[in-house]
Each structure stands twice: as structure tokens, then as C-alpha cells.
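Quick note: the sequence shown uses the numbering used here, first residue 45, plus one each step.
The C-beta atom is built at its ideal place from N, Cα and C for all residues, glycine as well.
Note sheet for the following structure.
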Amino acid sequence: MEFTTIDYTIFVLLLVLSSAIGLFYALSGDRQRTVQEFLLANRDMGCLPVALSLLATFQSAVAILGVPAEIYRFGTEYWFLGCSYFLGLLVPAHIFIPVFYRLRITSTYEYLELRFNKTVRVLGTVTFIFQMVIYMGVVLYAPALALNAVTGFDLWSAVLTMGLVCTLYTTLGGLKAVIWTDVFQTLVMLAGQLAVIVVGAQRVGGMARVWHVAEQEGKISGIDLDPNPLVRHTFWTLAVGGVFMMLSLYGVNQAQVQRYLSARSEREAKLSCYAVFPCQQIVLCLSCLTGLVMFVYDREHPLTPRPASSDQLVLFFVMDVLRDLPGLPGLFVACLFSGCLSTISSAFNSLATVTMEDLVRPHFPGLSESRATLLSKLLALGYGLLCLGMAYVSSMLGPVLQAAISIFGMVGGPLLGLFCLGMFFPCANPTGAAVGLVAGLAMAGWVGIGSLLSSMGQAGGASPTHNSTALPTVGNLTTILATTLLPPTPTPSPTGLQQFYSLSYMWYSAHNSTTVIVVGVLVSLLTGPTPAAALDPRTISPVVPRLLCCLSPKIRQRLCCGGEDPAQTPGHTDTTEKSNGVPNGLGPPGFGHQEEEEGQGYIRSAVAPTYAVQETSF
Numbered sequence: 045m046e047f048t049t050i051d052y053t054i055f056v057l058l059l060v061l062s063s064a065i066g067l068f069y070a071l072s073g074d075r076q077r078t079v080q081e082f083l084l085a086n087r088d089m090g091c092l093p094v095a096l097s098l099l100a101t102f103q104s105a106v107a108i109l110g111v112p113a114e115i116y117r118f119g120t121e122y123w124f125l126g127c128s129y130f131l132g133l134l135v136p137a138h139i140f141i142p143v144f145y146r147l148r149i150t151s152t153y154e155y156l157e158l159r160f161n162k163t164v165r166v167l168g169t170v171t172f173i174f175q176m177v178i179y180m181g182v183v184l185y186a187p188a189l190a191l192n193a194v195t196g197f198d199l200w201s202a203v204l205t206m207g208l209v210c211t212l213y214t215t216l217g218g219l220k221a222v223i224w225t226d227v228f229q230t231l232v233m234l235a236g237q238l239a240v241i242v243v244g245a246q247r248v249g250g251m252a253r254v255w256h257v258a259e260q261e262g263k264i265s266g267i268d269l270d271p272n273p274l275v276r277h278t279f280w281t282l283a284v285g286g287v288f289m290m291l292s293l294y295g296v297n298q299a300q301v302q303r304y305l306s307a308r309s310e311r312e313a314k315l316s317c318y319a320v321f322p323c324q325q326i327v328l329c330l331s332c333l334t335g336l337v338m339f340v341y342d343r344e345h346p347l348t349p350r351p352a353s354s355d356q357l358v359l360f361f362v363m364d365v366l367r368d369l370p371g372l373p374g375l376f377v378a379c380l381f382s383g384c385l386s387t388i389s390s391a392f393n394s395l396a397t398v399t400m401e402d403l404v405r406p407h408f409p410g411l412s413e414s415r416a417t418l419l420s421k422l423l424a425l426g427y428g429l430l431c432l433g434m435a436y437v438s439s440m441l442g443p444v445l446q447a448a449i450s451i452f453g454m455v456g457g458p459l460l461g462l463f464c465l466g467m468f469f470p471c472a473n474p475t476g477a478a479v480g481l482v483a484g485l486a487m488a489g490w491v492g493i494g495s496l497l498s499s500m501g502q503a504g505g506a507s508p509t510h511n512s513t514a515l516p517t518v519g520n521l522t523t524i525l526a527t528t529l530l531p532p533t534p535t536p537s538p539t540g541l542q543q544f545y546s547l548s549y550m551w552y553s554a555h556n557s558t559t560v561i562v563v564g565v566l567v568s569l570l571t572g573p574t575p576a577a578a579l580d581p582r583t584i585s586p587v588v589p590r591l592l593c594c595l596s597p598k599i600r601q602r603l604c605c606g607g608e609d610p611a612q613t614p615g616h617t618d619t620t621e622k623s624n625g626v627p628n629g630l631g632p633p634g635f636g637h638q639e640e641e642e643g644q645g646y647i648r649s650a651v652a653p654t655y656a657v658q659e660t661s662f
């Protein structure tokens, strides 16, 4: 179907308003003249815009296309992923945010140097950059390709438009522009999905009939309590495996942590995390309802022509159901582009941040504020242009594109494991952290690529038809690999290594992060745990004493660097006690440390503090 003038007008308005927000923040306030304002929005954002930005960051166009297609094909089992959101957001609010916020760092990977050393910090930074660079090209190219196939919308016009507009407002307006455009684009995404559900349900007799027909056709799934980790989707796979997936996104990913750090207080940062929970549930419900409406509509009004692949299902459905309503197809395309813009703008900003703070500043400590700000903007611009290049590379990869997506998705789990190793195991040393990360990445690559090759081999060496956006991705850094790893139809029970490769993609984050922790702790104990005097207490999670109290005194002493048990030390106080004026006994920012420029984190002092972890209320 062809776009009308009204459709193009709505689409252009999205781009113009997104650019206008960037220009507004480039010309208002301090005009992005400091690194803190450009990268952290001056640390004065409220909880609601931060929450909506957290939601939009990984609610990409891939999710808007993928989740309804999953429900259409396999039923509502995937809806149980919503059970994982509670712990997946509660844990970051009470464990990760307090540590990151009180350190007042800019890059997540500054934590790794404070906890371990510069080598581990650089390893984490390079891993993240590799992950996000692959992600940018895929998330920009894949929706444009689907849009071109269905609507005839010019492929490279779509890619260039999204890439350049996003680069413009990210480079000019900094994180504040990114957050407020995320808020605007989130509303557009919700409006687009809601319009499709309302019109589609009305065309087939209402939402009650949609549910009734879907139930008759076996699309409404019950609770599957099968504990087998090889089964693609069960309650445990989604509700428990999904927690680790959420932690890798909302706990330690730079794009999300940067938003927590932009909040005006730690309380606001925690509230933003709480506020994401109902928002995530609403988005999941809308995506699942879209899939059910699409199934019933296609049953009664078969789509013609039939989609060539599942990633085109939603677009074919939308163009068919909205064909008599000028403006609504344009609204949905604007919804699709909003998902893409919100995701890649976050990628640009987070990449500029880690490059500046982890790779540039340590080598040029005397860099003036004005030059550092200019360089940060140039880095954002450079990553924007690199994104366009990666989109072109994605178009040239052909069947190898699936492997690129898989490699991207394997990184979230090991990075989660690395941060958990630092925060929960005082005995972990730099050698253990580095070896653990490498082991986790190797394990992720082995299982992920092995699964991909195995599934391609079962298809006779041909590229499977389900691997573009066939499975749900929730627009995130972990589950995108699901689009390539698992066949859509039942297969014979695997044996040997084939069984190992059949691990459900929802367990990947848990499996890979556990590998990092186990290897990291073992190597640390073998090479000598971190001495108590060399450990910065602010880098250990305040809930560690409560976790350690469940263990025997001997094991507690071993895990606590061979020193005193933190739960028994004189410095261990009640949750209401304050030390040096700061709750939880973490000490003020200047305690035992020399503070760098405001907002730029801390460097180690010559005298390391003694190990004294305080308990906090959970």
C-alpha cells in the first residue's frame, strides 16, 4: 500500500519534533558546555522522564515487530516474562543503584577500576563498545528492511533519515535531549500500538471475541512448570531466566546506568526504577494483545500477499487493517521509527561516555573542560556516522547477519557476572575478574555460535527462515540472539553436545554470568584473595553482610579476603546508624579518596581504606 500525504506528514512531524528537542537543549541552560551537562544532564532529571527513557532505550523497533509475531506463532506463553520484571527492577534499585550513585561515577566501567584495576576496566569497556557497535547497525537496518519490503518505503532513505536525525539531536542536545526525546517517542510508540489494537479488534468483533477465538485455537497458554532448561519457553525459563536478562539490562548496562546517574538524587534514581515496572507491564500487554488481534484477524481476513518472513507479519497486518484510515499507517511507521531512534540515540550517548571517560581521560588527565565537552560531542557524532556504516555492513552480511546478532546478544551475561563478582565477593582480585570475564565470553561464544551452527545444520545448511525477528526480543541486549538460535517447530530430543547447544536462550544471561562468577572466585582464591586493606568498601554492595550471614564462619572469613567477618566487625552497625554524616557507613566522597572534577568519578588515594561494609535496608 502507498503512503498518503497525511501519513508522510505524521512521519515528518516525528522527525522534526525530535530534532527540535535537541536544538532546544543545545540553545538553553548552559548550552551543553560541560561534560557533566552533556553526558549526565547535569544530574538534575526527575524520576518520571528518567523512567520513560529507561523504558524506551531497549523498546526498539525489533521488539515492536518481534513480540507480536511471537504471540501470533506460539501463543501467550511469552507473556509470563512479565513475572521477571519485579525482581529484575527491584534488585537494581537496591543493589546496583546505591553503589553506582554513591561513587558518583560517569561511566559504569569506572567502577571496575575502583574495585579491581585499570586492565579490567579497559576489558569491560572494549567488550561493551564491541557489543553496542554491532547492535547499532542491526537495530537501524533490520526495521528499515522490513518496512521497505512491505510498504515500498525506500530502504536507504529510511536508514539515512533515522541515522542523521538521531545523530543531530544526540550531538547537539546531549543526554537531556536524548531523555526528553525518549519521553516523546515512548508516547508515539504507545499511541501507534494502541491504534492498531483498537482498530484491529473492532474489525473482528471486539476484544472479548479476540480472546475467545484465541482460546479456542489454543493460543492462550497455561502455566508450564516444566523445569527442563532445554525447553524454549516455560514459566521458570521466563520468570527466573528473565530476571538475569533484566539485570544485565537494568542493572549494569551503561545506557541504563547513565540515566540513573542523571537523576537529581539517589531516591529519584530508585523511584525511576520502580516506575519502569508498570510501564514495562503495559508495553508487554500491548505487544501481546497486538499478536492476538493479528492472529484472529488473519484467520478471518487472510493477509495477501503472505509475508515472506515473520518479521514482516506485523507490518502486513498493520497496512491491511489500517488501509482505509489515512494517517494511522503513518502513525504506526512513526511508532516503529520512534523505537529505532530511542534505542540508537541511547547507544550513541553511552558509547561517547565510555570512550571519553574510560579511554580518553585516563590518558589525558589535563584535558580542559571545554575541550573534553567538544571531544564528547565529536565522539557522539563519530558514533552516529559509524552507525550508518554498520547499517551498510549489515546489508552486506547476508546469512552472516544472524551470527552478528548472536555475538551481540552474548555479551550482556558476562558483563553482569563481572559486576556481581566485584560487588558480592570481596575476595575477588583483578586476575580472577579478568580470567572470569574471558571465560564467560568464551562460554557464551561456544554455546551461542554452536547453537546457531547446529540449527543451520538441521536446515540442511540453509539459512533458517525464522531468524530475522521471529522470536521475541523485548528490544534488549540479551534476547536478540533468540532470533537465530532456536527452531520454530518441534525437533527430536537432542543428545551429547547437541543437548548443550539446545539450552533455552532465556537462560543465557544466567549461564554466562554464573560462569564469570565461578571462574572469577576460584582463580581469585588460587592466586590470593584481595587484601582487606586494599579493598575500597564503597565498591562492595551494602547487602553483602546479610548474604554472608547464611554461611559458616569459616567460609565467611574466606570470602571476606581472609580478614574479619564484616557482620562481626565493630564497624558493623544497625541500618539506622550513620557514619561520618552519610547513611550506611559508606563515608563521604572525600573519605580516603581524592575527588576528581565534579561528576567525573574518583581515583584511588595512596592510602587504601580498610574493609568495613555496612548493612542497608533492602
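From what residue to what residue does the alpha helix (DSSP H) around residue i run?
i           : result
residue 393 : 372 to 398
residue 268 : From DSSP, residue 268 is part of no alpha helix (DSSP H); its letter is neither H nor E.
residue 63  : 49 to 71
residue 663 : Shown here, the chain extends from 45 to 662; a query on residue 663 therefore has no answer.
residue 556 : 552 to 571
residue 84  : 79 to 84
residue 108 : 105 to 118
residue 464 : 456 to 468
residue 285 : 285 to 294
With the cut-off set at 7 Å, would you say residue i and residue j are in Cβ contact?
i           : j           : result
residue 475 : residue 387 : no
residue 156 : residue 164 : yes
residue 307 : residue 135 : no
residue 8   : residue 287 : A question about residue 8 goes unanswered here, because the residues of the chain that appear run from 45 up to 662.
residue 561 : residue 461 : yes
residue 463 : residue 301 : no
residue 676 : residue 78  : Residue 676 falls outside the range modelled here, since the chain spans only 45 to 662, and no answer is possible.
residue 125 : residue 580 : no
residue 314 : residue 137 : yes
residue 103 : residue 362 : no
residue 431 : residue 207 : yes
residue 84  : residue 411 : no
residue 184 : residue 203 : yes
residue 76  : residue 285 : no
residue 294 : residue 133 : yes
residue 231 : residue 63  : no
residue 182 : residue 394 : no
residue 225 : residue 425 : no
residue 92  : residue 303 : no
residue 380 : residue 107 : no
Spatial neighbours of residue i within its chain, please: C-beta separation below 6 Å, excluding the five flanking residues on both sides.
i           : result
residue 485 : 458
residue 565 : 469
residue 57  : none
residue 129 : 321, 324
residue 351 : 357, 360
Beta-carbon within less than 7 Å of residue i's beta-carbon, same chain only, minus the 5 sequence neighbours each way: which residues are those?
i           : result
residue 263 : 119, 120, 336, 339
residue 369 : 243
residue 390 : 101, 222, 299
residue 238 : 330
residue 86  : 80
residue 60  : none
residue 54  : 371, 374, 375, 378
residue 116 : 335, 338, 339, 357
residue 199 : 188, 189, 192
residue 271 : 280
residue 543 : 274
residue 254 : 245, 248, 336, 337, 340
Could you pull the DSSP bridge partners for residue i from this structure?
i           : result
residue 307 : 89
Given residue i, which residues of its chain have a CB within under 8 Å of its CB, disregarding the five upstream and five downstream residues?
i           : result
residue 343 : 257, 261
residue 598 : none
Could you give the uninterrupted runs of the alpha helix (DSSP H) lying entirely in the stretch 196 to 251, keeping only those of 4 residues or more?
-> Within the stretch 196 to 251, the runs of alpha helix (DSSP H) that reach at least 4 residues and sit entirely inside it are, in chain order, 199 to 247.
Unbroken stretches of the alpha helix (DSSP H), 4 residues or longer, contained in the stretch 122 to 174 | Taken in chain order, the unbroken stretches of alpha helix (DSSP H) that lie wholly in the stretch 122 to 174 and span 4 residues or more are 129 to 135, 141 to 147, 154 to 159.
Curious, which full-length beta strand (DSSP E) runs of at least 3 residues does the stretch 322 to 374 contain?
-> DSSP runs (the beta strand (DSSP E)) wholly in the stretch 322 to 374: none.
Which whole runs of the alpha helix (DSSP H) in the stretch 409 to 437 are 4 residues long or more, in chain order?
-> DSSP runs (the alpha helix (DSSP H)) wholly in the stretch 409 to 437: none.
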